[in-house]
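Colleague: Residues 1 to 167 in UniProt numbering are what the sequence shown spells out, letter by letter.
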Amino acid sequence: MKEIEFITSLRNDWRKRDLRERRILLGVGVLILASLIYLIGVQPALSNIRNLESATPALKLQAATMMNMASQYEALSKTMSENIPPITREVIESTLNRRNIKTQSLTVSNEIVRFQANTVAYAQLMEWILEMQKAARLTVDEAKVSALSDAGQVSVVITLRQQRPGN
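(1) Look up Ala58 in the DSSP assignment and say whether it is helix, strand or coil.
(2) Classify Trp14 as buried or exposed, calling it buried when 16 or more other Cβ atoms lie within 10 Å of its own Cβ.
(3) Under 6 angstroms Cβ to Cβ from Arg164, same chain only, skipping five residues before and after it: list those, please.
(4) Taking the beta carbon of Gln162 as the centre, do at least 16 other beta carbons fall within 10 Å, making it buried, or is it exposed?
(5) Decide if Ile37 is buried, meaning its Cβ has at least 16 other Cβ atoms within 10 Å, or exposed.
(6) Given that a residue counts as buried once 16 or more other Cβ atoms are within 10 Å of its Cβ, and exposed if not, what is Phe6?
(7) Taking just the CA atoms, how far does Asn51 sit from Ala70?
Shown next as structure tokens:
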């Protein structure tokens with residue numbers, strides 16, 4: 001009931017006004033409506049377009065970097081899928097002897113190498129591990145290293161695993 005009275009009151013007010021005053025009020029109303037449409041619909045879209053235009057070069061650079069990384073990954077996966085000969089006890093023993101590393105025990109089975117050395121130079125051990133990583137794709141699974149009283153000497157128990165395609 002109150003809404004009907006309110007609407008009736010607005011109609012009566014509108015009819016009482018001069019034609020010129022009605023035109024001014026309609027013009028102001030249209031201006032307010034156009035401003036709201038611009039602020040709610042047009043201005044955010046224009047702002048987003050400007051932001052997108054400024055971010056596009058960085059996005060293109062990121063896409064080029066990703067394409068470069070994808071090609072590097074493809075090249076790396078091809079080298080990883082090359083036929084890697086399985087690691088053998090003889091290969092491990094020869095490389096250890098070349099580095100003058102004496103082992104107390106050595107086990108090689110199913111792409112896993114375990115060995116123990118009571119006294120070994122830490123630098124020689126690290127060089128041997130790097131050599132094995134490059135030559136036979138052996139990675140360290142587990143290592144127990146204990147410093148000895150002699151400088152640079154350690155006691156070590158290491159488990160290595162050969163990384164092969166499908167591993």
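Cβ atoms here follow ideal geometry from the backbone N, Cα and C, with glycine treated the same way.
Modeller: Well, looking at it:
(1) Here Ala58 sits in helix by DSSP.
(2) Exposed, since its Cβ has fewer than 16 Cβ neighbours within 10 Å.
(3) These residues qualify, in order along the chain: Ile84.
(4) Its Cβ being crowded by 16 or more others within 10 Å, Gln162 is buried.
(5) Exposed is the call here.
(6) Under a 10 Å Cβ-count criterion, Phe6 is classified as exposed, with fewer than 16 other Cβ atoms of the shown protein chains found around its own Cβ.
(7) Spanning the alpha carbons of Ala70 and Asn51 requires a straight line of approximately 28 angstroms.
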